[in-house]
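J.:
Residue numbers (the numbering used here), protein chains in the order written: chain A, 17 to 201; chain B, 8 to 545; chain C, 877 to 942; chain D, 129 to 409.
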């Protein structure tokens, strides 16, 4: 094959590859575009909260004191859930939350790395000793959901799970102290 | 075979020995966590097994296979003896010593921290020291690959380095870059804690340093499969490589974009802000480019082969391909698994969408399909292709080889497809025994049994694989010398320095790492995270 | 085991010519990447469309995450 | 990334060929990462911040992690007063002190104070007083401190603990931790009922009870203050479980033992106590 034709073919092949690369670029732009679009319009982010807290003295803190855990509804109606992920138990073991209303969940670990997800929802975060993990979400379906620890934290990791009761608006009634606990069934 | 066949065989047998062991305990794990194996085995045994399965598959099978295959490529692609052969044997023994030193504490239950270490949980110091030895051995291999290539380039000035060697050295350079993260974490944080020199550990920094390694290490495992795609599959199929330039570009893109993206493993971590998470998600999207380029280039190369063999029409070339050859069959099956695994991957990297699947069986399905599926099936195909060259004996018949590849494909698909569905339901990872009494978990039972069946099929395939190789050592059929590496449609005559070396790309990687990882790591040096007490597993 | 240092045909020139006939290759090259482009293109399109569907129909309905 | 191939036929000097490569590669790679930084660090936080009523600077600081909180949501504040159930904090220096405790001084204090109830080698005559032989030093250290701060109350121990001065507590703890445990009692080893062994090895997922061994087996990587239960008086173990179940004893950080004990039935408490009395680890 004469060198000239050889030269032409090679550039033709590179052109097909470039065309393909352009197509790939379009697909990547579509994927990233969806991420960017939802981030800009409805603020979809991964949960991040660079808030340092000393895990060694967590039980001496006010916010994560034993009696302050669980769901509280503050004066202006914001729902905040505080829970501890500790070796081999979530405290409290049952969390009540309202449906279709913005909820902020805050977790902390006094010992090792834990992680949690709530089945069927987008609540998912690692709980790193040294930081307060915070997830803002809205529960779109009512019912009892499972909240397991999904990061290896020791021999009791498989038994570490809690229940989340997503209550419809009318049954989510905070007490006088603004706290809501699980309906005992 | 010039002076390396025993060196390569030693590496491959250690790799495939660890692989078979890991398949056995992997199947046991699948059984114990299924409804059929409820209440069998204790958490201690289960997490010991998970640690051993992870270390064997992720550190032993991969590192030894890549080293062995690298030596083979350095000798056959460059067509010159391996420089520093004694160093290569030293590296082998150091790495093997490291494996032994790691496996013993695991077996004694003193290292049940899984293969991805979860400080402040800390195992026996020997567990980490063993892994450092394995990495040290692999570093010696990297130097040997660089020396081999530069020696060849001195002897052939201005000529393009053969693609197989260029890719192997790209892999070595990437491995040198990425092991910095885990080396710093182990040497400065985890090993001092394991030795008891310090009582606390900065967990935020430890996870960030480990994430530095965590993604490029999977591309370190993946590149030998891509070397096979580019340099062996076209010839095995009877065609030509569609574009050599695109091959070089693919391995360069892997080197550049697999390094500054590790934080997509930390998307759900609280200790990093959204800003750097988004930067690394965007860069992760570009790490899909080389794979998508490869799919096109290799499919085009197969199309050439198929049409040369008389394939007509738009897809007639597919049927015309020589599917009876293991390398071609493995590529076809590997691409299907790469498709499913890749789909799992782009969902994982979906920034906020990661919250839907992080640490669920969806992720387990992703890496079993891509590493366990398309990469390991190409490891099989490479082994089948080069064993005759190493042992001088040829396969009696290709049927058992094809059977083994099909079993691996079917087993992997049956095991991992249910995991995608379970992952979306919220099935979380690393559970010794599920509470099948819980209504939500009870619904998962049948699917776990289906994936268990896939696990058994994989075990049979693994046993058959080792049998197919072992048989060759006593085989009677003398190997007929056949050329191995593919020829490109336009073999490169002169190649820009950028496509023949890594100077430019190392500079770009340095800049990318500073921009992508600079702040996330500096954040802990400026203000360390509150330290956590070390919890020793002894 | 073939003795280590005896170079055998297996070590023949790595880029040894294969039995591909140049003319056939040239004629094949007139249509080649079309099949690959359609096959790979549709697969990748399927993947990205699947990604968008999962993003909109599975992820978003599970509630805002921030 | 366009590869403009140099058309003029210069000698194939790599540097000449390389010129376009070096330029285009740098442009391509840098544009991707700078676009990522522009979007991630500036555009997304500012736009999200505007929605949540945050000024651009705060939003960017939150997105970078220089301030806590999400750039898209208000950050809750909390000023609840702390009411800890135990004052003991495992800091590196506490652990160093425990590691370097002086056993001789500990033995002297034990002779002087502890022998009456706990026995010299930590083998106590009556089930009301726990064996301390081979107990974990950290566990003794924590309980003594809890008695001193009133997190745990006991007719005698509160005064005894208050009488001890701070520096000898680690020594006493280290002395008893060093005492060898008595040999096992083979008779009762065999017939531990399967259900009890399962509770200890596997826990009971349906009642959310983790395995006892996950915390109480030495070297399991569990909580530091988890006491060793092997060879303890059976009645003492049952009594403590009952105190936890009723909430009278509440110095377990984050109520883990109170929750577990409240879920155990009487018969299980007896089975567990017998199992550990037999000397299983």
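Positions of the beta carbon are idealized from the N, C-alpha and C atoms, including for glycine.
Counting contacts by CB-CB distance shorter than 7 Å, is residue 928 of chain C in contact with chain B?
T.: False, the Cβ-Cβ gap to chain B never drops below 7 Å.
J.: In its own chain, which residues sit with a C-beta less than 6 Å from the C-beta of residue 461 of chain B, not counting the 5 before and 5 after it?
T.: Counting only Cβ-Cβ distances below 6 Å, and skipping sequence neighbours, we find 418, 421 and 422.
J.: When you check each C-beta in the stretch 889-914 of chain C against every C-beta of chain B, which residues fall closer than 9 Å?
T.: The residues in question are 889, 890, 891, 892, 893, 894, 895, 896, 897, 900, 901, 903, 904, 905, 907, 908, 909, 910, 911, 912, 913 and 914.
J.: Residues in the same chain with beta-carbon distance under 6 Å from residue 197 of chain D, minus the five sequence neighbours each way, listed in chain order, please.
T.: Once the five neighbours on either side are set aside, the close Cβ partners of residue 197 of chain D are 190 and 203.
J.: In terms of residues, what are the limits of the beta strand (DSSP E) holding residue 124 of chain A?
T.: 118-124 is the extent of the beta strand (DSSP E) around residue 124 of chain A.
J.: Listed in chain order, which residues of the stretch 255-283 of chain B have Cβ atoms closer than 8 Å to some Cβ of chain C?
T.: Cβ contacts with chain C come from no residue of the stretch 255-283 of chain B.
J.: At which residue ranges does the stretch 146-196 of chain B contain complete alpha helix (DSSP H) runs of 4 or more residues, listed in the order of the chain?
T.: As far as the stretch 146-196 of chain B is concerned, its whole alpha helix (DSSP H) runs of at least 4 residues are 170-191.
J.: Assess contact between the stretch 482-499 of chain B and the stretch 242-254 of chain B, defined as three or more Cβ pairs (one per stretch) separated by less than 8 Å. Is contact present?
T.: Output reads yes: the stretch 242-254 of chain B touches the stretch 482-499 of chain B.
J.: To test your reading of the DSSP string, which unbroken beta strand (DSSP E) runs of 3 or more residues are found completely within the stretch 77-102 of chain A?
T.: Taking only runs of at least 3 residues, the beta strand (DSSP E) segments lying wholly in the stretch 77-102 of chain A are 86-89 and 95-102.
J.: If you draw a straight line from the alpha carbon of residue 399 of chain B to that of residue 481 of chain B, how long is it in whole angstroms?
T.: Between residue 399 of chain B and residue 481 of chain B, the C-alpha separation is close to 10 Å.
J.: Could you name the residues of chain B that residue 53 of chain A contacts, counting a contact when the two beta carbons are closer than 9 Å?
T.: Near residue 53 of chain A there are no residues of chain B at all, since even the closest Cβ is about 11 Å away, more than 9 Å.
J.: Roughly how many whole angstroms lie between the Cα atoms of residue 392 of chain D and residue 416 of chain B?
T.: Cα-Cα distance, rounded: 48 Å.
J.: Taking 7 Å as the cut-off, decide whether the C-beta atoms of residue 405 of chain D and residue 213 of chain D are in contact.
T.: No; because the gap between Cβ atoms is not below 7 Å, this pair is not in contact.
J.: Verify the contact flag: residue 160 of chain B, CB atom, against every heavy atom of the ligand ZN, threshold strictly below 6 Å.
T.: The ligand content of the structure shown is nil, which means the ligand ZN is not present either.
J.: What residue from B:228, B:178, B:148 and B:129 has the CA that sits closest to residue 192 of chain B's CA?
T.: Considering only alpha carbons, the answer is B:129.
J.: Could you tell me which uninterrupted beta strand (DSSP E) segments, each at least 3 residues in length, are contained entirely in the stretch 416-497 of chain B, listed from first to last along the chain?
T.: The qualifying runs do not exist here; there are none.
J.: Can you name, in chain order, every residue of its own chain whose Cβ lies under 6 Å from the Cβ of residue 439 of chain B, other than the five neighbours on each side?
T.: 50 and 53, listed in sequence order.
J.: Can you tell which of B:73, B:148 and B:83 has its C-alpha closest to the C-alpha of residue 94 of chain B?
T.: Residue 94 of chain B has its Cα closest to that of B:148, out of B:73, B:148 and B:83.
J.: So what does DSSP say about residue 19 of chain B, is it helix, strand or coil?
T.: In the structure shown, residue 19 of chain B sits in a helix (DSSP, three-state: H, G or I).
J.: Distance, Cα to Cα, residue 358 of chain D vs residue 397 of chain D?
T.: Computed Cα separation, rounded: 15 Å.
J.: If you check the beta carbons only, do residue 523 of chain B and residue 941 of chain C fall under 7 Å apart?
T.: Going by C-beta atoms, residue 523 of chain B is not nearer than 7 Å to residue 941 of chain C.
J.: Touching or not, the stretch 120-137 of chain A and the stretch 87-102 of chain A, by the rule of three or more beta carbon pairs under 8 Å?
T.: Yes: the two stretches touch, three or more of their Cβ pairs being nearer than 8 Å.
J.: Answer yes if the stretch 214-224 of chain B comes into contact with the stretch 363-370 of chain B, meaning at least three C-beta pairs across the two stretches below 8 Å, and no otherwise.
T.: Touching, no.
J.: Taking C-beta to C-beta, are residue 352 of chain B and residue 66 of chain A nearer than 7 Å?
T.: Not closer than 7 Å, so no.
J.: Is it buried or exposed for residue 134 of chain A, if we count other Cβ within 10 angstroms and need 16 for buried?
T.: The residue in question, residue 134 of chain A, is buried, as its Cβ has 16 or more Cβ neighbours within 10 Å.
J.: To which residues of the same chain is residue 434 of chain B closer than 7 Å at the C-beta, ignoring the five residues directly before and after it?
T.: Taken in chain order, the residues that qualify are 367, 368 and 451.
J.: In the DSSP assignment, find the beta strand (DSSP E) that holds residue 160 of chain A and state where it starts and stops.
T.: Its beta strand (DSSP E) spans residues 159-164.
J.: Spell out whether any CB of chain A is found under 7 Å from the CB atom of residue 920 of chain C.
T.: Answer yes: the Cβ-Cβ gap between residue 920 of chain C and chain A drops below 7 Å somewhere.
J.: Just to confirm, is the Cβ distance from residue 324 of chain B to residue 341 of chain B under 7 Å?
T.: Their beta carbons are not under 7 Å apart, which means residue 324 of chain B does not touch residue 341 of chain B by this criterion.
J.: Could you tell me whether the Cβ of residue 391 of chain D comes closer than 7 Å to any Cβ of chain B?
T.: Residue 391 of chain D does not count as touching chain B.
J.: Which same chain residues, not among the five before or five after residue 88 of chain A, have their C-beta less than 6 Å away from its C-beta?
T.: Correct list, in chain order: 96, 194 and 195.
J.: Compare the C-beta of residue 50 of chain A against all C-beta atoms of chain D and say whether one is closer than 7 Å.
T.: Closer than 7 Å: no.
J.: Return the CA-CA distance between residue 310 of chain B and residue 303 of chain B, expressed in angstroms with no decimal places.
T.: Distance between the alpha carbons of residue 310 of chain B and residue 303 of chain B is about 10 Å.
J.: Per DSSP, what kind of secondary structure is residue 266 of chain B in: helix, strand or coil?
T.: DSSP places residue 266 of chain B in coil when its eight states are reduced to three.
J.: In the structure shown, what three-state DSSP assignment does residue 140 of chain A receive?
T.: In the structure shown, residue 140 of chain A sits in a strand (DSSP, three-state: E or B).
J.: Since residue 154 of chain A sits in a beta bridge, which residues does DSSP pair it with?
T.: DSSP, once it has assigned bridges, lists A:118 as partnering residue 154 of chain A.
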